[in-house]
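Numbering (the numbering used here) for the sequence shown: 5 to 424.
Beta carbons are placed, not taken as given, at the ideal position from N, Cα and C, and that holds for glycine.
Notes follow once the structure below has been shown.
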Amino acid sequence: MRQPFYFVDFGCARPAGIAGQRAGWWRGVLLAWLLLVLPRLLPAQQLAQPLDFQPTDSLTQTLATQYRWAELDSVGRAALRAGTDYPTLRRHLGQAALAREQPAQALRHYGRALRENPLDTAARYGLALAYLDFNQSGPAALLAGHLPDSLRRPLHLMPFQAVTQVEVEAGGQHGNSTHRGDAGFFRLDVSSRLGSRIGLNQNVSYFGQTVELPDRRRPGGNFYPLRQVQYHALLAGQLAPRWRVLLGYNHLNSDLGLLANRADNLGYASVAYARPYWTAQVGVYAGTLTDTARVQTDLRLAVYPLGNLRLYAYGRASVLRSNGRSYPHGVLGVGGRLQRHVWLEAYAGLGLTPVLAELDGTYVYNLLDPVNERGGANLLILLSRPLSLRLSYGAEHRRDSVDGRYYSLNSLSTALTWTW
5 MRQPFYFVDF GCARPAGIAG QRAGWWRGVL LAWLLLVLPR LLPAQQLAQP LDFQPTDSLT
65 QTLATQYRWA ELDSVGRAAL RAGTDYPTLR RHLGQAALAR EQPAQALRHY GRALRENPLD
125 TAARYGLALA YLDFNQSGPA ALLAGHLPDS LRRPLHLMPF QAVTQVEVEA GGQHGNSTHR
185 GDAGFFRLDV SSRLGSRIGL NQNVSYFGQT VELPDRRRPG GNFYPLRQVQ YHALLAGQLA
245 PRWRVLLGYN HLNSDLGLLA NRADNLGYAS VAYARPYWTA QVGVYAGTLT DTARVQTDLR
305 LAVYPLGNLR LYAYGRASVL RSNGRSYPHG VLGVGGRLQR HVWLEAYAGL GLTPVLAELD
365 GTYVYNLLDP VNERGGANLL ILLSRPLSLR LSYGAEHRRD SVDGRYYSLN SLSTALTWTW
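The following block contains the structure:
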């Protein structure tokens with residue numbers, strides 16, 4: 005959890021002496037009671053009249069200095085219902101929302117304050133913090149572009165960073181098919197920030213497996229080493245805090261022994277829209293995979309019912325167009341925080357498809373055997389502020405491309421991520 009964001013200069017006088025402190029305390033209690041109770045007692049015509057600015061502002065600032073976030077949230081909401089709304093109140097409500105781990109509410113309050121005054125540094129800083137709590141560094145970097153370096157540096161959101169994140173992933177696969185040997189996978193991923201609006205992600209991956217293919221010259225088949233090397237680049241442009249566009253490119257080189265050696269290319273474009281409690285993204289892949297023209301359309305949706313990452317759900321609907329046929333595939337998943345630094349998510353997918361690109365093209369699956377059903381789980385552990393560990397397990401039901409029989413495939417992988 006991040007340290008609470010608070011203001012240094014509250015601009016309110018404090019009573020001197022014990023008597024003054026008691027008098028100020030009783031005035032605060034009385035005003036809080038009025039703000040909470042009167043909206044329920046007064047008729048609607050009287051509620052349409054806003055409360056006095058000075059007492060409301062004084063009380064909310066006092067509650068902020070005392071870190072009484074729940075009372076501040078209650079008083080602020082009551083003031084809004086009574087018609088009192090101004091940027092400082094929104095900033096205090098955003099401050100309380102961040103302290104109570106409610107980044108969705110913080111986005112709304114800080115966003116309203118920043119729209120009222122685009123030069124409000126405190127609101128801009130708080131809004132960037134709220135996006136970071138949602139693990140959305142793109143809009144956070146865009147907002148931080150107008151902050152002084154003294155505020156951007158602690159957030160690790162400087163306008164140019166050659167390396168912002170490095171991830172190393174390794175895994176293995178084992179199936180119960182006699183025609184498919186065990187497989188290994190390795191990926192190196194590097195992210196960079198080219199400006200407050202532009203980010204670049206690049207990764208190189210290697211996949212190796214021994215497969216049995218038919219031999220016309222004799223019964224049975226021969227085993228061939230399958231090697232696949234992939235380069236993937238993804239350019240992200242943050243048009244506005246809510247809007248983002250992505251352009252990607254994949255180059256895959258597959259070597260099936262001496263039988264085939266092919267180079268495939270895949271392009272990708274998508275647009276994403278984010279709201280405090282949900283995000284949506286539409287993307288299209290187009291190119292050549294396994295010497296066949298492919299077009300894949302994706303629709304992704306993620307929801308945060310609690311307004312934070314304690315609980316979330318996501319879904320993706322994909323339709324692959326290949327050889328004049330359409331192959332739909334859908335995935336549903338749910339995740340949440342188990343402990344302060346531990347998250348767990350589980351997913352399931354259904355739909356026979358010969359190939360499948362995922363995570364904006366980071367992974368390209370099933371270049372040999374179509375997948376029909378799959379499921380899995382991911383465990384994320386924050387080891388320290390910059391270092392995280394991800395453990396993944398997956399189970400798939402695939403169809404052998406040679407004899408058409410279905411077989412089971414299990415995979416395990418681990419990834420270490422270092423974020424600057």
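**Request:** Report the rounded CA-to-CA distance for D364 versus L238, giving the unit in angstroms.
**Result:** Roughly 8 Å between the two C-alpha positions.
**Asked** Taking the alpha carbon of N180 as the point to measure from, which residue in S154, E400, L420 has its own alpha carbon closest?
**Response** Closest by alpha carbon: E400.
**Asked** Of all the options L386, S330, L416, Y351, which has the alpha carbon lying nearest to the alpha carbon of G339?
**Response** It is Y351.
**Asked** What residue from N226, L67, Q177 has the CA that sits closest to Y411's CA?
**Response** Comparing alpha-carbon positions, the option among N226, L67, Q177 lying closest to Y411 turns out to be Q177.
**Prompt:** Relative to the alpha-carbon of T296, which residue among R320, A321, D268 has its alpha-carbon at the smallest distance?
**Reply:** The shortest Cα separation from T296 among R320, A321, D268 belongs to D268.
**Prompt:** Just to confirm, are G175 and L371 a CB contact at a threshold of 8 Å?
**Reply:** For G175 and L371, no; Cβs fall outside 8 Å.
**Request:** Have a look at R191, A68, Q169, L354 and flag the residue whose alpha-carbon is nearest the alpha-carbon of H333.
**Result:** Out of R191, A68, Q169, L354, L354 has the C-alpha closest to the C-alpha of H333.
**Message:** Let me confirm a value: A244 is counted as buried when at least 16 other C-beta atoms fall within 10 Å, else exposed. Which label applies?
**Reply:** The residue in question, A244, is exposed, as its Cβ has fewer than 16 Cβ neighbours within 10 Å.
**Item:** Secondary structure, beta strand (DSSP E): runs of 3+ residues fully inside the segment 97-123
**Value:** Inside the segment 97-123, DSSP marks no whole beta strand (DSSP E) run of 3 or more residues.
**Item:** For L155, three-class secondary structure by DSSP
**Value:** L155 falls in the helix class under three-state DSSP.
**Request:** Kindly identify the DSSP beta-bridge partner or partners of S396.
**Result:** For S396, which the question treats as bridged, DSSP gives the partners N382, S417.
**Prompt:** Under the rule that 16 or more other beta-carbon atoms within 10 Å means buried, what is V12, buried or exposed?
**Reply:** Confidence at V12 is low in this model, with a pLDDT of 30, below 50, so its placement is unreliable and the value that follows should be read with caution. In this structure V12 is exposed. Its beta-carbon is surrounded by fewer than 16 other beta-carbon atoms within 10 angstroms.
**Prompt:** Nearest-angstrom Cα distance between D407 and D137?
**Reply:** If you take the alpha carbons of D407 and D137, they lie about 49 Å apart.
**Request:** Identify whether A86 lies in helix, strand or coil by the three-state DSSP scheme.
**Result:** Secondary structure of A86 (DSSP, three-state): coil.
**Request:** Indicate whether at least one CB of chain D lies closer than 8 Å to the CB of Y114.
**Result:** Of the protein chains in the structure, only one exists, and it is not chain D.
**Request:** Leaving out five residues on either side along the sequence, give the residues of the same chain with a beta carbon under 7 Å from the beta carbon of A110.
**Result:** For A110, where only same-chain residues beyond five positions count, the Cβ hits under 7 Å are G98, A101, L102, G130, A134.
**Message:** If contacts are defined as beta-carbon pairs under 8 Å, then T421 and S392 qualify, I think. What distance do you get, rounded to the angstrom?
**Reply:** Confirmed, about 5 Å.
**Message:** Taking the alpha-carbon of T214 as reference, which of N226, T423, R221 has the nearest alpha-carbon?
**Reply:** Taking T214 as reference, the option from N226, T423, R221 with the minimal CA-CA separation is N226.
**Message:** Am I right that P128 and H150 are in contact with their C-beta atoms under 8 Å? What's the rounded C-beta distance?
**Reply:** The sequence given here places Arg at residue 128; Pro does not occur at that position. With a Cβ gap of about 6 Å, R128 and H150 count as contacting.
**Item:** A83 classed as buried or exposed, judged by whether at least 16 other C-beta atoms fall within 10 angstroms
**Value:** A residue is called buried once 16 or more other Cβ atoms fall within 10 Å of its Cβ, and A83 is buried on that count.
**Request:** Quickly, what does DSSP pair R325 with across the bridge? List them, please.
**Result:** For R325, the pairing in a beta bridge is given by DSSP as V299, S330.
**Straight-line Cα distance separating N205 from V172** = When rounded, the distance between both Cα atoms is 13 Å.
**Prompt:** Under a three-way DSSP split, which group does R128 fall into?
**Reply:** Reduced to three states, the DSSP call for R128 is helix.
**Message:** Quick check on V79: buried or exposed, where buried means 16 or more other Cβ atoms within 10 Å of its Cβ?
**Reply:** Answer is buried; the Cβ neighbour count reaches 16.
**Request:** Look at the Cβ atom of S322, then the Cβ atom of L360, and state whether they are nearer than 8 Å.
**Result:** Cβ distance < 8 Å, so S322 and L360 count as in contact.
**Item:** Contacts around L315, its chain only, beta-carbon distance under 7 Å, and the 5 residues preceding and following it disregarded
**Value:** Cβ neighbours of L315 beyond the five flanking positions: P309, G340.
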